[in-house]
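Heads up: the sequence shown begins at 0 in numbering that gives the first Met the number 0, then just goes up one per residue.
Below you'll find the structure, written out as structure tokens, and then a few comments.
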Amino acid sequence: MVDDDDMAMLDLKSQRDQLVSRRRGVEARVEKADMTARSLVKSGQKERAMLALRMKKQYQQLVLDSQGHLNRLEELIDNIEMARTQRTTVEALKAGTAMLRKIQQDIGGADQVQRLLGEQEEAMEAQREIAAALAGEGGVSAEDEGMLAEYACLQEEAALQTLSGGPAASSAELPAQPA
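See below:
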């Protein structure tokens, strides 16, 4: 899409191209005036040769003026292009900053992150406690109850053997060991 800025830039570049064309035309006139002055000097026409040299000098000044205008126009075009680049950069920075603020707002800030990290640590500690309880640390698990029952049966057998003086045939069967 072409906007007013693009049209203005196109106009500036068009004017620059016209100035370059005019400068080339004046440079051609300088050459022509120089050749004319040389031929008039050879033919001995001093006054006409002096007039041709004055014209040459005027054309040379026009070339210098045209080059000065071209330099200023080129500088203006460069400055405009740089300003457009800077504007694009600033707009991108503005959009990026707005996006960063939105993301930070969604996150909830540093306090929210600290709170979440604390909650995560609490959840991990609870999970460790659950795992320890299931592994039998700090309490009796279902597996330990079976072993305690077997131990009680073994104590009973040992007591019967002691009382009878030999190996006793226990009426109580040992519970099956869990696999």
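We put the CB at the ideal spot given by N, CA and C, even for glycine.
Source: prediction; values computed, not measured.
According to DSSP, simplified to helix, strand and coil, what is Gly-145? helix
Which runs of the alpha helix (DSSP H) spanning at least 4 residues fall entirely within the segment 92 to 144, listed in chain order?
108 to 134
_Using the Cβ count rule (16 or more neighbours within 10 Å means buried), how would you classify Ser-13?_
exposed
In three-state DSSP terms, what is Val-1? coil
Taking 8 Å as the cut-off, is the beta-carbon of Leu-50 closer than that to any non-hydrogen atom of the ligand MG? This structure does not include the ligand MG; it has no bound ligands of any sort.
Taking buried to mean at least 16 other C-beta atoms within 10 Å of its own C-beta, is Tyr-150 buried or exposed? exposed
| Per DSSP, what kind of secondary structure is Gln-66 in: helix, strand or coil? | helix
Could you say if the segment 57 to 77 and the segment 20 to 31 meet the contact criterion of at least three C-beta pairs nearer than 8 Å?
yes
Is Gln-44 helix, strand or coil by DSSP? coil
Measure the alpha-carbon distance for Ala-130 versus Glu-124 and round it to whole angstroms.
-> 10 Å
Please report how far the alpha carbon of Arg-47 lies from the alpha carbon of Glu-74, in whole angstroms. 40 Å
- Is DSSP giving Ser-170 helix, strand or coil here? Residue confidence is low: Ser-170 scores 47 on pLDDT, short of 50, so the model does not pin down where it sits. Its coordinate-derived value is still stated next. DSSP places Ser-170 in coil when its eight states are reduced to three.
Span separating the alpha-carbon of Val-112 from that of Met-6:
51 Å
Through-space distance from Gln-154 to Leu-147, alpha-carbon basis: 10 Å
Q. So does the segment 95 to 103 actually touch the segment 34 to 51, counting three or more Cβ pairs closer than 8 Å?
A. no
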